[in-house]
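Quick note on our numbering: the sequence shown kicks off at 58 and runs consecutively. Ideal Cβ placement from N, Cα and C applies to all residues, glycine included. What follows is a single structure, written as structure tokens, with notes after it.
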Amino acid sequence: MRLSTGKECISMKTGAITAIVIWSVAAVGLIVLLIVGSTMNPRDFSVKRDIHEVYSVEEDGTVFDSIQISWFAGHVSVTPSQDNLFHLKQTSYYDVDPLVLDMSEGKLTITQKRNYSFIFFGFGSRPSNLELSVPEKQYDNLVL
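In structure tokens:
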């Protein structure tokens, strides 16, 4: 009968601890998936949705000289408008919070609210699209 040495015992303990840690992380991950899956609506898992309007506004376009857009998830399009109004529309395939619009000191600030959700096996932001039409004067001076 052969007795194990100290190095072999440490190696077996390290392997056992590693296995426990890996299985614990896997168990916690599965529990999180089950909790998120049970609290979400089944329609949140569907791939194909209809796009809908989240926010829309038309205002006098001569009250601002500059535009600041903070948009991190989705598409942004800026086009010239034929009238002196600015037209803004936010659309999305998802249920997202409306954008934040601020006009102060001659500056138009448009900020997208962060809308986190469970996406596949992680978390991410739900995208929305911004369509902005500004008067020709502001469009010609727009710096991208």
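Those residues which DSSP pairs with residue i across a bridge
i	result
Gly86	DSSP output for Gly86 lists no bridge partner at all.
Met160	Leu165
Glu188	Ser134 and Lys146
Gln125	Thr166
Where the beta strand (DSSP E) containing residue i begins and where it ends
i	result
Asp117	His109 to Asp117
Lys20	Summary: the structure shown does not reach residue 20, with the chain confined to residues 58 through 201, and so no result is reported for it.
C-alpha distance - residue i paired with residue j, whole-angstrom precision
i	j	result
Asn141	Leu199	15 Å
Val85	Ala130	29 Å
Val78	Gly72	10 Å
Leu187	Lys146	6 Å
Asp154	Ser182	11 Å
Burial state of residue i, where buried means 16 or more other Cβ atoms lie within 10 Å
i	result
Ser185	buried
Ile167	buried
Gly94	exposed
Limits of the unbroken alpha helix (DSSP H) element including residue i
i	result
Gln195	Glu193 to Asp197
- Message: Can you confirm whether the segment 107-121 touches the segment 137-150 when touching is taken to mean that 3 or more C-beta pairs between the two stretches lie within less than 8 Å?
- Response: The segment 137-150, when compared against the segment 107-121, does touch it at the 8 Å Cβ threshold.
- Query: With contact counted as at least three CB pairs below 8 Å, one residue from each stretch, are the segment 183-200 and the segment 133-149 in contact?
  - Reply: The segment 183-200 is in contact with the segment 133-149.
- Query: Touching or not, the segment 113-120 and the segment 67-74, by the rule of three or more beta carbon pairs under 8 Å?
  - Reply: The segment 113-120 makes no contact with the segment 67-74; the number of CB pairs closer than 8 Å stays below 3.
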